Amino acid sequence: MTGNSVELERAEAEDAKALTDSCKRAFDSDSEYGSPGPGGPPGYDSVEWNADKIRNRYLDYYKILSDGEIAGGFIVGDRGPDYHVCERIWIDTDQMRKGLGTRTFDLVWQRYPSADVWVLGTPEWNTRTNPFYQSIGFVQIGKTHEYSWDGIYYEKRISSGLPKAMSSIGDIRDGQQRVIAEGRVEEVTPTRAVSSRKTGEQLRVADAILSDETGSIQLVLWNEQIRQVKDGTSIRVEEGYVKSYRDELQMSVGKWGLIITLL
Ligand SMILES: CC(C)(COP(=O)(O)OP(=O)(O)OC[C@H]1O[C@@H](n2cnc3c(N)ncnc32)[C@H](O)[C@@H]1OP(=O)(O)O)[C@@H](O)C(=O)NCCC(=O)NCCS
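Here it is, written out as structure tokens:
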């Protein structure tokens, strides 16, 4: 632990270059912590990507300052009210393992006092991030299939009970957007081939039934989503949306959505 001051400030356009440089150094050092090859997450070495995220009004992009100098970055997203996502955190290589990451999260908890839950995904191979997140109280709840690698999905509950942004299945309504719900997969139909009405493209589709103690809903799975959902497993869906078809509710998982196979 250093005696340095640590502050979290909103990043501005002119910080994009310094943030990108520190981000590139931080993620390039993953090669020593299990990374299967060079590179990092999308845009990690791109000033344009970072400038774009700084401007993005759906994200809160912070610079981490140590003694007034940029020592890393932290990007916050959300999937619903008080359901926050740590989209990205990094600490520059010369500042690592001095407690800055931990102190940054302490500042984050203070900045979002009404948060019910924080979630994040990290690669299974990463021998540095997994112990880091566990050391600050994140608990693995499952695995994601969001990327080409399997991700470990973590959450940290701040308050007890069902987070405000999550729905019990029996409460899900027609037209609902940004649904976050958990349930058991009870049936998955065989995959059918259909062609898109808009583009004529061949698509694969399958239906599953998702149930909890309050009810059941049909879950429509497209293409890559099909292999992520196995009969008899429990899953969490984030960014689901609901429509009714012949008086039956159908939930689909949006483009930015996530299916998490729960432990
Ligand atoms: C992950 C990261 C943010 C951690 O930041 P940090 O400031 O170095 O972490 P801290 O010093 O607060 O470490 C806290 C604890 O995490 C664990 N930890 C941190 N680095 C570790 C490492 N290299 N190996 C094993 N455990 C580690 C330890 O338990 C550590 O406590 P200790 O030092 O008392 O043993 C930083 O390593 C990083 O930027 N990595 C590259 C980018 C990345 O992968 N970001 C996350 C993905 S979005």
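Position in the sequence shown (first residue = 1) + 1 = my numbering. Glycine is no exception: its CB is placed at the ideal position from the N, C-alpha and C atoms. If you're wondering where the values come from, they're calculated on a predicted model, not measured in any experiment.
query	result
Supposed contact pair D79 and R26 - C-beta distance, whole angstroms, cut 8 Å	With 8 Å as the limit, R26 and D79 do not qualify as a contact, their Cβ atoms being about 28 Å apart.
Spatially closest choice to I260 from G162, S160, L163, I153, by CA coordinates	I153
Beta-carbon proximity of G69 to W91, cut-off 8 Å	no
Alpha carbon of G81 to alpha carbon of G233, nearest angstrom	27 Å
Heavy atom of ligand 1 within 7 Å of K99 beta-carbon	yes
Residues bridged to F75 [DSSP beta-bridge criterion]	Y63, I90
D95 versus F28, P43, D117, F106, residue with shortest Cα-Cα distance	F28
Residues bridged to K144 [DSSP beta-bridge criterion]	I153, T262
Proximity below 8 Å, CB of A52 to CB of A19	no
Pairwise C-alpha distance: R89 and E183	24 Å
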